[in-house]
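Read left to right, the sequence shown gives residues 184 to 459 (our numbering).
Read the structure below first, then the notes.
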Amino acid sequence: MRTISLLAPTRIVIMVLSLCLAPFAASPAGAAPTEVDCTKCHSRLVVKMKIVHTPLQRGCPYCHTGIADALKVPHKKTNAITKGLSAEQPELCYGCHGRSEFTKKVVHAAVGMGCTGCHTPHAGNNEKLLVAAVPDLCFNCHDKGEFTKTKKHSPIVAGKCLACHDPHSSDYPGILVKSPNEICLDCHGQIKTSSHVGGVFGKAGHPLGGERSLKGAGKQPVKDPKRKGKIFSCASCHNPHSSDEIKLFRYPAKTPSQLCSYCHTTKAVGSTGGLP
Ligand code: HEC
Ligand code: HEC
Ligand code: HEC
Ligand code: HEC
Ligand code: HEC
Ligand code: HEC
Ligand code: HEC
Ligand code: HEC
Ligand code: HEC
184 MRTISLLAPT
194 RIVIMVLSLC
204 LAPFAASPAG
214 AAPTEVDCTK
224 CHSRLVVKMK
234 IVHTPLQRGC
244 PYCHTGIADA
254 LKVPHKKTNA
264 ITKGLSAEQP
274 ELCYGCHGRS
284 EFTKKVVHAA
294 VGMGCTGCHT
304 PHAGNNEKLL
314 VAAVPDLCFN
324 CHDKGEFTKT
334 KKHSPIVAGK
344 CLACHDPHSS
354 DYPGILVKSP
364 NEICLDCHGQ
374 IKTSSHVGGV
384 FGKAGHPLGG
394 ERSLKGAGKQ
404 PVKDPKRKGK
414 IFSCASCHNP
424 HSSDEIKLFR
434 YPAKTPSQLC
444 SYCHTTKAVG
454 STGGLP
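Take a look at the structure:
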């Protein structure tokens, strides 16, 4: 991103001069007549970009309502809002983009940090005006180590974070696009019909989560015995991203049966009574 110090007038002059020499290309088609052609000096924001944000066609002051005399640099602002915008984010964006998409039960903390953490409001070369393509975008804030252990889940190798997560908000934990088990069964449907962990466990297979009736408490989701606040799901035994263990196990285990003791006391493995 371009940053110009207010304390460096020579650089500003150079920038203004060089940008004024830039070939005409920046003025968006059908721009509303404004007193000043902002792109004369700010062509870099839009020139040679593949994707231009639609409202730019209505002219820059459409969002930057608070820039007074644009020919005077630094600009004088007529309001107290960042960059002379008509509203702070995300309200500015909700003016045109339905708020409901961003305010479902589980909201990505990144949305609270501002839409422009991920999107440029002007123009860019990535799909959906993203500041970087997925998954690199995600690694701007999330430690890559979690996704690059020795065994990587196939959708991670393909960079498909959005196969499982909504970037904005969702009704499911982990901003998943579906409930935790459903998301896995989309691609691993055979597990529904086979006996999972059958080799160690026998014909019935290990329970895979869902709801249980509790005495006097109605139906409740089964809880993950190992991770507080999480429900019991495929992701209780498997790391959905990557792992140093066989079968993407979440915990160190060289064989399937070594995994059991993380949740069941050794004596009582083979019954739910063994759960802590
Ligand atoms: C004469 C050249 C020129 C014109 C015309 C111009 N700008 Fe600027 N603008 C600059 C320069 C140089 C800077 C960087 C100096 C600064 O940070 O204030 C700047 C900075 C800005 C900033 C950042 C201010 C901040 O608070 O960081 C915004 C927003 C902006 N311009 C919007 C506009 C809009 C909208 C228009 C048209 C209405 C416009 N500019 C027209 C030269 C110009
Ligand atoms: C859809 C609303 C919208 C429109 C239309 C718009 N801007 Fe912006 N502009 C923003 C937002 C939001 C920011 C703050 C970005 C941030 O904080 O990261 C911004 C920031 C800026 C900045 C500060 C430097 C930067 O990149 O952050 C300049 C300069 C600027 N805009 C110029 C323009 C010009 C010139 C136009 C017309 C070509 C324009 N804007 C049209 C929303 C808009
Ligand atoms: C003045 C109305 C307006 C405002 C304000 C506005 N947008 Fe948009 N935006 C649009 C329109 C119109 C489209 C095109 C919609 C379409 O094609 O379905 C669009 C498209 C987008 C797209 C998709 C681009 C693509 O290539 O498909 C993104 C991302 C986006 N806007 C983000 C933002 C963000 C972030 C903000 C706030 C900084 C914002 N918008 C503010 C009107 C607006
Ligand atoms: C964590 C990064 C991130 C943040 C923060 C973020 N977005 Fe997005 N946004 C994305 C990604 C990734 C996509 C592409 C989704 C896809 O391709 O399915 C997207 C897509 C969009 C689209 C296009 C939707 C479509 O169906 O074409 C709009 C509009 C949009 N975002 C607006 C916003 C607004 C407004 C905010 C702030 C309230 C915001 N985004 C915050 C990552 C983000
Ligand atoms: C601008 C920074 C930023 C970007 C970019 C970003 N995130 Fe996040 N994300 C956060 C923060 C902050 C949290 C909350 C703290 C945490 O859990 O690490 C979070 C949490 C999450 C969570 C856990 C949500 C929950 O409620 O359990 C998921 C899943 C997630 N992000 C996925 C993504 C994906 C996928 C992308 C890329 C499309 C992405 N993030 C890009 C900042 C970001
Ligand atoms: C196959 C589906 C799937 C894919 C693909 C996927 N995730 Fe996840 N992710 C999940 C599930 C399921 C959880 C919740 C795990 C749990 O129960 O704690 C999760 C949790 C997270 C969290 C919360 C912290 C944590 O580790 O529990 C972050 C951050 C995250 N994912 C980011 C990403 C990013 C970035 C990508 C792409 C590089 C990605 N995910 C791809 C399924 C997926
Ligand atoms: C978009 C499709 C897709 C989704 C969604 C998905 N997977 Fe996978 N998964 C694959 C593919 C492809 C493979 C590799 C082919 C194979 O071994 O069957 C794989 C392999 C695996 C493996 C075996 C790894 C090994 O080393 O043998 C496990 C365990 C696994 N996935 C668990 C999960 C879990 C848990 C979820 C939900 C959080 C999930 N998968 C969601 C596509 C997916
Ligand atoms: C109680 C722990 C546990 C749960 C819950 C669990 N798995 Fe597994 N999973 C295992 C073990 C152990 C293995 C290795 C089985 C073997 O080799 O006999 C395995 C193997 C796999 C494999 C590799 C296939 C194969 O036969 O090698 C996939 C794919 C998989 N699981 C997906 C899932 C999905 C999807 C869910 C949720 C619907 C799920 N698992 C729930 C423990 C679990
Ligand atoms: C991540 C934690 C976890 C791991 C690892 C795990 N289990 Fe479980 N197990 C559970 C939970 C939770 C239940 C209760 C499920 C329910 O009530 O639906 C359960 C239930 C059981 C039951 C009772 C089945 C029933 O129908 O009531 C047996 C037997 C069992 N596990 C054996 C094993 C064995 C053998 C292993 C190793 C291959 C294993 N478990 C690994 C969490 C785990």
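Note that CB positions come from ideal geometry on N, CA and C, so glycine has one too.
Run of the beta strand (DSSP E) containing Lys409, from where it starts to where it stops:
Looking at the DSSP string, Lys409 is not in any beta strand (DSSP E), and its letter there is neither H nor E.
Which residues in the same chain have their Cβ closer than 6 Å to the Cβ of Ala316, if we skip the five residues on either side of it in sequence?
Here the set comprises Asn309.
Inter-residue spacing [alpha-carbon to alpha-carbon] between Thr217 and Ile234
Low confidence applies here, because Thr217 scores a pLDDT of 48, under 50, leaving its location unreliable; read the following figure in that light. If I take the Cα positions, the gap works out to 23 Å.
Straight-line CA distance for Ser425 to Lys332?
Per the coordinates, the alpha-carbon of Ser425 lies some 5 Å from the alpha-carbon of Lys332.
State the Cα-Cα distance for the pair Asp326 and His225, rounded to the nearest angstrom.
Straight across, the Cα-Cα distance linking Asp326 with His225 is about 34 Å.
When the Cα of Phe432 is compared with those of Leu397, Lys231, Glu284, His336, which residue comes out closest?
When only C-alpha atoms are compared, the closest one is His336.
With a CB to CB cut of under 8 Å and the five nearest residues on each side skipped, what residues in its chain are close to Cys407?
A quick correction: the sequence has Asp, not Cys, at residue 407. Lys413, Ile414, Phe415, Ser416, Ser419, listed in sequence order.
Hey, quick one: how far does the alpha helix (DSSP H) through Glu365 stretch, first residue to last?
Its alpha helix (DSSP H) spans residues 363 to 368.
Could you name the residues of the same chain whose beta carbon sits closer than 7 Å to that of Cys321, not counting the 5 residues immediately before and after it, in chain order?
Answer for Cys321: Cys344, listed in chain order.
Does DSSP classify Gly401 as helix, strand or coil?
Correct three-state label for Gly401: strand.
Does the beta carbon of Ile339 fall short of 7 Å from some heavy atom of ligand 6?
Yes, the Cβ of Ile339 comes within 7 Å of a heavy atom of ligand 6.
Please report how far the alpha carbon of Leu204 lies from the alpha carbon of Ala306, in whole angstroms.
Low local confidence applies: a pLDDT of 28 at Leu204 is under 50, so the model's placement there is unreliable, and no value is given.
Let me check one thing: in DSSP terms, what residues is Val383 bridge-paired to?
DSSP lists no partner for Val383.
At a cut-off of 7 Å, would you count Leu345 as near ligand 8, judging by its Cβ distance to the nearest heavy atom?
False, no ligand heavy atom lies under 7 Å from that Cβ.
Identified DSSP bridge partners for Ile250:
Per DSSP, Lys260.
Any heavy atom of ligand 5 closer than 7 Å to the Cβ of Pro350?
Yes, since a heavy atom of ligand 5 falls inside the 7 Å radius drawn around the Cβ of Pro350.
Where does Leu268 fall in DSSP's three states?
Coil.
Nearest-angstrom Cα separation, counted from Gly342 out to Cys279:
Each residue's Cα considered, the two are about 30 Å apart.
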